[in-house]
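Colleague:
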Amino acid sequence: MNSLEPVFRTENLSKYYPLTQSHALEGVSLAVKKGEFVGVKGPSGCGKSTLLYLLAGLIAPTAGQIYFQEKPVSRIKDKVRYRRENIGFVFQDFYLYPGFSVLQNVLFPCLYRGIVPVAARIKAEALLDELRMGHRTGAPVEVLSAGERQRACIARALLNDPECILADEPTGNLDSHNGQAILEMLKKINEQRKTTIVLVTHDERVSAYAHRLIHIIDGKLEHK
Ligand SMILES: Nc1ncnc2c1ncn2[C@@H]1O[C@H](COP(=O)(O)OP(=O)(O)O)[C@@H](O)[C@H]1O
Ligand SMILES: [Mg+2]
Numbered sequence: 001m002n003s004l005e006p007v008f009r010t011e012n013l014s015k016y017y018p019l020t021q022s023h024a025l026e027g028v029s030l031a032v033k034k035g036e037f038v039g040v041k042g043p044s045g046c047g048k049s050t051l052l053y054l055l056a057g058l059i060a061p062t063a064g065q066i067y068f069q070e071k072p073v074s075r076i077k078d079k080v081r082y083r084r085e086n087i088g089f090v091f092q093d094f095y096l097y098p099g100f101s102v103l104q105n106v107l108f109p110c111l112y113r114g115i116v117p118v119a120a121r122i123k124a125e126a127l128l129d130e131l132r133m134g135h136r137t138g139a140p141v142e143v144l145s146a147g148e149r150q151r152a153c154i155a156r157a158l159l160n161d162p163e164c165i166l167a168d169e170p171t172g173n174l175d176s177h178n179g180q181a182i183l184e185m186l187k188k189i190n191e192q193r194k195t196t197i198v199l200v201t202h203d204e205r206v207s208a209y210a211h212r213l214i215h216i217i218d219g220k221l222e223h224k
């Protein structure tokens with residue numbers, strides 16, 4: 001794939017939630033190129049999470065189109081597979097499964113009919129090592145610090161070698177030191193693995209890490 005081709009492209013993307021009568025996104029056209037690290041900034045409620053959920057095919061737009069590698073996401077029948085093969089998600093609230101170890105949580109994306117391939121286990125352990133979590137693989141997730149939880153989530157997001165990581169306020173529940181460490185890890189992943197990153201945040205420090213910032217105000221792109 002040409003390095004200038006977009007991973008994601010949206011055309012006049014709009015999302016209206018009838019329940020809250022909220023025009024969460026209105027006419028958003030943007031492109032994210034392969035290998036880019038894009039920061040999406042904007043105040044709370046401006047539509048940042050909605051944008052990520054649309055890119056991931058978790059929700060459908062009210063109007064407009066979303067393309068993944070120039071293929072309309074609306075035409076992808078198996079959205080679960082689309083996400084599993086192409087997208088790693090990192091959330092503010094971690095969403096780790098309590099009662100399971102760090103390693104088990106990282107392996108959830110490849111758990112298929114209760115079986116984990118040996119290669120996946122080896123890879124998960126290597127990822128956890130890389131993210132300085134090698135000493136925590138057997139720990140139940142409940143005992144982890146917030147920073148450790150987010151590192152486990154990043155390992156989980158990377159397990160299937162996604163083309164792209166969609167990160168929704170990944171530093172929102174972290175103190176300043178751990179937040180910075182997570183941003184640095186994402187930057188390293190972007191540089192070393194060429195993983196495309198779309199990072200939604202109102203963390204001011206993101207401007208030091210992202211190649212480019214997109215600003216959303218009240219569901220619309222703000223051109224600065
Ligand atoms: N599932 C939903 N149902 C109804 N309204 C929603 C839903 N998700 C978000 N909204 C509304 O859409 C707007 C944008 O929300 P969101 O995308 O979560 O913004 P942000 O992530 O920037 O805080 C808000 O007004 C919010 O209340
Ligand atoms: Mg949000």
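Residue numbers are given in this note's numbering: position 183 of the sequence shown equals residue 183, and the series is strictly consecutive.
Glycine included, each C-beta is placed from N, C-alpha and C at the ideal position.
None of these values were measured; they are calculated from a predicted model.
Measuring only from the beta carbon, is Ser49 closer than 7 Å to any heavy atom that is part of ligand 2?
Modeller: Along the sequence shown, one-based indexing puts residue 49 at 49. Yes, the beta carbon of Ser49 sits closer than 7 Å to at least one heavy atom of ligand 2.
Colleague: Would you tell me roughly how many angstroms separate the C-alpha atoms of Gly147 and Leu96, rounded to the nearest one?
Modeller: One-based indexing of the sequence shown puts residue 147 at position 147. One-based indexing of the sequence shown puts residue 96 at position 96. Roughly 13 Å separates the two Cα atoms.
Colleague: I'd like to check one pair, Ile165 with Val106: are the Cβ atoms closer than 8 Å?
Modeller: Counting from 1 along the sequence shown, the entry for residue 106 is found at position 106. Counting from 1 along the sequence shown, the entry for residue 165 is found at position 165. No, the Cβ-Cβ distance between Val106 and Ile165 is not below 8 Å.
Colleague: In terms of residues, what are the limits of the beta strand (DSSP E) holding Leu127?
Modeller: As a working mapping, residue 127 is identified with position 127 in the sequence shown. Per DSSP, Leu127 belongs to no beta strand (DSSP E); it is in the alpha helix (DSSP H), 118-130.
Colleague: Starting from the Cα of Ser22, find the closest Cα among Gly47, Lys123, Val141, Phe8 and give me that residue.
Modeller: Within the sequence shown, residue 22 is the residue found at index 22, counting from 1. When each option's Cα is compared against that of Ser22, the closest is Gly47.
Colleague: Can you grab the Cα-Cα spacing for the pair Ile8 / Glu70, in whole Å?
Modeller: To locate residue 8, count along the sequence shown from 1; it is residue 8. To locate residue 70, count along the sequence shown from 1; it is residue 70. The question names Ile, but residue 8 is Phe in the sequence shown. Roughly 7 Å separates the two Cα atoms.
Colleague: Taking the alpha-carbon positions, what's the Pro140 to Glu130 distance?
Modeller: Taking the sequence shown and counting its residues from 1, one reaches residue 140 at position 140. Taking the sequence shown and counting its residues from 1, one reaches residue 130 at position 130. Cα to Cα, the separation comes out at about 19 Å.
Colleague: For a test of the three-state rule: what should DSSP assign to His211, helix, strand or coil?
Modeller: Position 211 of the sequence shown holds residue 211. Correct three-state label for His211: coil.
Colleague: Taking 6 Å as the limit between beta carbons, can you name the residues of its chain near Asn86, skipping five residues before and five after?
Modeller: In the sequence shown, residue 86 corresponds to position 86, counting from 1. Cβ within range, chain order: Pro162, Glu163.
Colleague: Note down, one range per segment and in chain order, each alpha helix (DSSP H) of at least 4 residues found wholly within the stretch 60-95.
Modeller: The stretch 60-95 contains these whole alpha helix (DSSP H) runs: 79-86.
Colleague: Can you determine whether any heavy atom of ligand 4 sits closer than 7 Å to the C-beta of Tyr17, and answer yes or no?
Modeller: Absence of ligand 4 from the depicted structure is noted, with ligand 1 and ligand 2 being the only ligands included.
Colleague: Rounding to the nearest angstrom, what Cα-Cα distance links Ala208 and Gln92 in this structure?
Modeller: Working through the sequence shown from its first residue, we reach residue 208 at position 208. Working through the sequence shown from its first residue, we reach residue 92 at position 92. Distance between the alpha carbons of Ala208 and Gln92: 20 Å.
Colleague: I need the straight-line Cα distance from Leu128 to Gly134, nearest angstrom please.
Modeller: Walking along the sequence shown from the start, residue 128 turns up at place 128. Walking along the sequence shown from the start, residue 134 turns up at place 134. Answer to the nearest angstrom: the Cα atoms are 5 Å apart.
Colleague: Do the stretch 182-189 and the stretch 8-19 meet, that is, are 3 or more Cβ pairs less than 8 Å apart?
Modeller: Too few Cβ pairs lie closer than 8 Å, so no.
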